[in-house]
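Student:
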Amino acid sequence: MNEPHSAGTNVDLRETKSGRVEPTCQPRVTEWDMWWLGQHIFVCGFEFIRGLGLDSANRIKDVLKVRLGEYDVSTTAEPLRHEEFLISRIVIHPQFDNATLVNDIALLQLERSARRKANIDAVCMPKKTDFFEGSTTRCYVTGWGRKDEASEHSVVLKEINVPLWSNPTCQNALRDQFGPAYSLPSTALCAGAEGRDACDGDGGGPLVCEKDGHWYQVGVVSFGIGCGRRNIPGVYTRVGAFEDWIVETIGVDHHHA
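For the sequence shown, the UniProt record's numbering gives the first residue as 1, with consecutive numbering after it.
1. State the DSSP-derived secondary structure class of residue 223, mapped to helix, strand or coil.
2. Per DSSP, which one or two residues make a beta bridge with residue 79?
3. I'd like to check one pair, residue 203 with residue 166: are the Cβ atoms closer than 7 angstroms?
4. Cβ atoms of residue 196 and residue 162: under 7 angstroms apart, would you say?
5. May I have the straight-line CA-CA distance separating residue 210 from residue 127, to the nearest angstrom?
6. Using DSSP with H/G/I as helix, E/B as strand and the rest coil, what is residue 199?
7. Run through DSSP, which three-state label would residue 171 get?
8. Alpha helix (DSSP H) containing residue 92: first to last residue?
9. Which residue's Cα is closest to the Cα of residue 221: 160, 88 and 234?
10. Is it true that the CB of residue 157 sits closer than 7 angstroms to the CB of residue 119?
11. With a 10 Å radius around its C-beta and 16 neighbouring C-beta atoms as the bar for buried, classify residue 149 as buried or exposed.
12. Quick one: which unbroken beta strand (DSSP E) runs of 3-plus residues sit fully inside the segment 82-156? Chain order, please.
13. For residue 168, count the other beta carbons within 10 Å of its own beta carbon; 16 or more makes it buried, fewer makes it exposed. Which is it?
14. Are the CB atoms of residue 201 and residue 153 within a distance shorter than 7 angstroms?
15. Between 159, 160 and 191, which lies nearest to residue 174 when the distance is taken from Cα to Cα?
16. Please report the distance separating the alpha-carbon of residue 164 from that of residue 74.
17. Could you tell me the distance, in whole angstroms, from the CA atom of residue 26 to the CA atom of residue 71?
18. Output the boundary residues of the alpha helix (DSSP H) element that contains residue 208.
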């Protein structure tokens, strides 16, 4: 990934890419990610939907803390400090399949409420029909993963613009890798281009897309083949496909009004 944005510089994604608009439910790119802390080791990122964090990791068993508002993991001398939270509840999707990564999504609840700050904010949750696969809407994936297959993990949060793929086109591309019997589930979506992709270390991170001046949590990094390879997109959990389960689990509808 590239185009780093420092939480300490107060650079707003809306100012640099789309012009200033009303701040409701439009967090900066640096505010969409949080870190798991397990035995003082940074593990992976996930994103925040008001009272609950939404994460597709499902790989981590002993989570001790969640860190919000992080940008540079190599220092604590940042103008905008991060905050750490304990987790009170983790709800893994009941049909999650670790072998196929179908239903690769979970919800977790913080022990105490998080407050919005300059470097901590929420992202809107899409409805099932808000974003169509293959649409030309602006989308970004963010994280602390590798820039490419040969690089080290990043110590600062980075972003990259990625195009959405149609599911049939993505399925055909993945069949070239997995064989003709591979079937892309409807609960997944694909995004990326040559040199523009999530990579190792970005798992569980957000894919956010803009609609009518608001930013929505459209996908969650699930898996990929390499990083930014030609004609091979990254695969994401489609958040909108889990709208009913999320609302039922949280008990509150978090759509933008």
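We put the CB at the ideal spot given by N, CA and C, even for glycine.
Tutor: Judging by the given coordinates:
1. Locating residue 223 in the sequence shown gives position 223, where the first residue counts as 1. Reduced to three states, the DSSP call for residue 223 is strand.
2. As a working mapping, residue 79 is identified with position 79 in the sequence shown. Partner(s): none; residue 79 has no beta bridge.
3. Position 166 of the sequence shown, counted from the start, is the residue given in the question as residue 166. Position 203 of the sequence shown, counted from the start, is the residue given in the question as residue 203. No, these two residues do not count as a Cβ contact at 7 angstroms.
4. Taking the sequence shown and counting its residues from 1, one reaches residue 162 at position 162. Taking the sequence shown and counting its residues from 1, one reaches residue 196 at position 196. Yes.
5. Sequence index remark: in the sequence shown, residue 210 carries index 210 (1-based). Sequence index remark: in the sequence shown, residue 127 carries index 127 (1-based). Each residue's alpha carbon lies about 13 angstroms from the other.
6. Counting from 1 along the sequence shown, the entry for residue 199 is found at position 199. Secondary structure at residue 199: coil, using DSSP grouped into helix, strand and coil.
7. The residue labelled residue 171 in the question sits at position 171 within the sequence shown. Taken through DSSP and simplified to helix, strand or coil, residue 171 comes out as helix.
8. In the sequence shown, counting from the first residue as 1, residue 92 sits at position 92. Residue 92 -> not in any alpha helix (DSSP H); beta strand (DSSP E) instead, spanning 87-92.
9. Counting from 1 along the sequence shown, the entry for residue 221 is found at position 221. The residue from 160, 88 and 234 with its alpha-carbon nearest to that of residue 221 is 234.
10. Residue numbering aside, residue 119 sits at position 119 when the sequence shown is read from its first letter. Residue numbering aside, residue 157 sits at position 157 when the sequence shown is read from its first letter. When the beta-carbon positions are compared, residue 119 and residue 157 stay at least 7 angstroms from each other.
11. As a first step, residue 149 must be located in the sequence shown, where it is residue number 149. In the assembly as shown, residue 149 is an exposed residue. Its beta-carbon has fewer than 16 other beta-carbons within 10 Å.
12. Along the length of the segment 82-156, whole beta strand (DSSP E) runs at least 3 residues long occupy 83-85, 87-92, 106-110 and 139-143, reported in chain order.
13. For the purposes of this step, residue 168 is identified with residue 168 of the sequence shown, where counting begins at 1. An exposed status is given to residue 168, since fewer than 16 other beta-carbon atoms sit within 10 Å of its beta-carbon.
14. The residue you call residue 153 lines up with position 153 of the sequence shown. The residue you call residue 201 lines up with position 201 of the sequence shown. Their beta carbons are under 7 angstroms apart, which means residue 153 touches residue 201 by this criterion.
15. By 1-based counting over the sequence shown, the position of residue 174 is 174. Residue nearest to residue 174 within the set 159, 160 and 191 is 191 (criterion: CA-CA distance).
16. On the sequence shown, residue 164 is found 164 positions in, with the first residue counted as 1. On the sequence shown, residue 74 is found 74 positions in, with the first residue counted as 1. Rounded to whole angstroms, the gap between the alpha carbons of residue 164 and residue 74 is 32 angstroms.
17. By one-based count along the sequence shown, residue 26 stands at place 26. By one-based count along the sequence shown, residue 71 stands at place 71. Because the pLDDT of residue 26 is 37, which lies under 50, any placement of that residue in the model is unreliable, and the number read from its coordinates should be weighed accordingly. If I take the Cα positions, the gap works out to 18 angstroms.
18. Position 208 of the sequence shown, counted from the first residue, corresponds to residue 208. Careful: residue 208 lies outside any alpha helix (DSSP H), inside the beta strand (DSSP E) at 206-211.
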